[in-house]
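Residue numbers (full-length UniProt numbering): 1 to 198. In this text, a Cβ means the ideal position worked out from N, Cα and C, and glycines have one as well. Computed from a prediction, not measured in an experiment: that's the story for all the values here.
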């Protein structure tokens, strides 16, 4: 249900400076600002994330349980990857300035940055976007449940996810050293991670 707005009230807010509303900051080139009904009380069924990224950064895999998401590229370039639950396929969309991708409500997706100085908007059809992050799912699900469910070695699983931090939002961590990889590159692999905006 959307909040009731009294547009004649002196407390109604019709403008806001997004620079004063950080959601997540990895560093000065990779951060997310949020605008929701919490920041501007005159909003009804719309909110947005103002996202700045540098090359090789990833908005971790996640889904939004309460809204669809329209991703609009302002500058730079990203690949938006969406898991289509009807076709059971991972679909990839390269966005450059002026291009958009639509992520239906509840669909698993992630975003990979292809160039430095990328700026995108994520627009939601809800007064506050909610999110379930893969990093949270990985850290909260008991390892013995995953080991038994998927017939994997529990100790190896625990070692594999040890570096995962809940609420990663923009990965990989700055101190990340990956084995079998000499330089960052983008490949179309389903990765699992993401969480709720508050």
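In this structure, 33 is the residue among 33, 27, 28 and 13 with its C-alpha nearest to the C-alpha of residue 21. When secondary structure is reduced to three states using DSSP, residue 149 falls in the helix class. A distance below 8 Å between beta-carbons, with the five flanking residues on each side excluded, links residue 170 to the following residues of its chain, in chain order: 24, 26, 30, 31, 32, 53, 57, 58, 59 and 60.
Per DSSP, residue 26 is one residue of the beta strand (DSSP E) stretching across 22-27. Residue state for residue 122 is assigned as strand, using DSSP reduced to three classes. Scanning 130, 41, 82 and 89 for the CA closest to the CA of residue 49 turns up 130. DSSP, reduced to helix, strand and coil, places residue 81 within a strand of the structure shown. Under the criterion of beta carbons closer than 8 Å, residue 126 and residue 45 qualify as touching, at roughly 6 Å. With respect to the 8 Å criterion, residue 62 and residue 134 are classified as neighbours on the basis of their beta carbons. DSSP places residue 130 outside any beta strand (DSSP E), giving it a letter other than H or E. Taking the C-beta atoms as reference points, residue 95 is found no nearer than 8 Å to residue 81. The beta carbons of residue 119 and residue 83 sit about 25 Å from each other, so the pair does not count as a contact at 8 Å.
Between residue 154 and residue 143, the CB-CB gap stays under 8 Å. For residue 17, the three-state secondary structure derived from DSSP is coil. Listed as beta-bridge partners of residue 69 by DSSP are 103 and 124. Bounds of the alpha helix (DSSP H) holding residue 135 are 134-140.
Beta-bridge partners of residue 52 (DSSP): 31 and 119. Residue 159: member of the alpha helix (DSSP H) spanning 154-161, first to last residue. Of 42, 18 and 19, the smallest CA-CA separation from residue 12 is found for 42.
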